[in-house]
Amino acid sequence: MDTSRPEPRLSALYQELILDHYRRPRNKGVLEQPTHTIALNNPLCGDEITLYLDVADGVVSDVRIAAQGCSISQAAASMMTQIVKEKRLVDALALADRMSAMMHGDESAATDKALGDLRALAGVAKFPIRVKCALLPWNALKDAVKS
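Printed below as a string of structure tokens:
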């Protein structure tokens, strides 16, 4: 059995999940007084994201995104906000590293339950030009906490 591709039903479910996050992004908007803010773009695709974080006592207490771009970047941003909200910052950054590993073809990351719905984006790894789209919000997270 070829395990390199998800079965058709799973693939369709993943595609629907990505489209749902693109059409109805979660945590969209602006935080009034964030502790961290950063704006990044992907000039190859035209993706833009502004990430607003409220970090208190080492925990991401709130997160919002203001973004526009392709379905992959928008879905990845929406999914990211859901998974990092109320997580310890160190754990959110570990998820960023796992997401990066998955986008660069690490099969163990693609099956890591810690990534939750983000695993729906594993197929993006087969399209190198789109990897930057999927990683844009995660790069924003890493850059925001560095500044």
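So the sequence shown is residues 22 to 168, counted in my numbering.
Each residue gets a CB set at the ideal place from its N, CA and C atoms; glycine is no exception.
Treat the numbers as computed from the prediction; the structure is a model and nothing was measured.
Cα-Cα separation, V51 to V166: Translated into the one-based positions of the sequence shown, residue 51 becomes position 30. Translated into the one-based positions of the sequence shown, residue 166 becomes position 145. For V51 and V166, the distance between alpha carbons rounds to 17 Å.
Can you list, in chain order, the residues of its chain with a C-beta nearer than 8 Å to that of V76? Leave out the 5 residues immediately preceding and following it. By 1-based counting over the sequence shown, the position of residue 76 is 55. T56, H57, S82, L110 and V166.
Cβ pair S99, D68 closer than 7 Å: Reading the sequence shown from its first residue, position 78 is the one you call residue 99. Reading the sequence shown from its first residue, position 47 is the one you call residue 68. Contact flag unset, no.
Roughly how far, in whole angstroms, is the beta-carbon of K49 from the beta-carbon of I104, given that I think they are within contact range, below 8 Å? Translated into positions along the sequence shown, residue 49 becomes position 28. Translated into positions along the sequence shown, residue 104 becomes position 83. Wrong, their Cβ atoms sit about 15 Å apart, outside the cutoff.
Cβ neighbours of G137 in the same chain (closer than 7 Å, five flanking residues each side left out): If you number the sequence shown from 1, residue 137 lands on position 116. I104, listed in sequence order.
Alpha carbon to alpha carbon, what distance is there between D118 and C66? For the purposes of this step, residue 66 is identified with residue 45 of the sequence shown, where counting begins at 1. For the purposes of this step, residue 118 is identified with residue 97 of the sequence shown, where counting begins at 1. Approximately 22 Å, taken between the alpha carbons.
Terminal residues of the alpha helix (DSSP H) in which S92 lies: Translated into the one-based positions of the sequence shown, residue 92 becomes position 71. Looking at the DSSP string, the run of the alpha helix (DSSP H) that includes S92 is S92 to V105.
N62 versus L156 - alpha carbon distance: Here residue 62 is taken as the residue at index 41 of the sequence shown, counted from 1. Here residue 156 is taken as the residue at index 135 of the sequence shown, counted from 1. So the alpha carbons of these two residues sit roughly 11 Å apart.
Using the three-state DSSP reduction, which class does H57 fall into: helix, strand or coil? On the sequence shown, residue 57 is found 36 positions in, with the first residue counted as 1. H57 falls in the strand class under three-state DSSP.
Here's a check: name, in chain order, each residue in its chain whose Cβ is nearer than 7 Å to the Cβ of Y43, leaving out the five neighbours to either side. Position 22 of the sequence shown, counting from 1, holds the residue named residue 43. So the list reads S92, Q95 and A96, once near-sequence residues are dropped.
Inter-residue Cα distance where the pair is L114 and L139: Along the sequence shown, one-based indexing puts residue 114 at 93. Along the sequence shown, one-based indexing puts residue 139 at 118. Roughly 14 Å separates the two Cα atoms.
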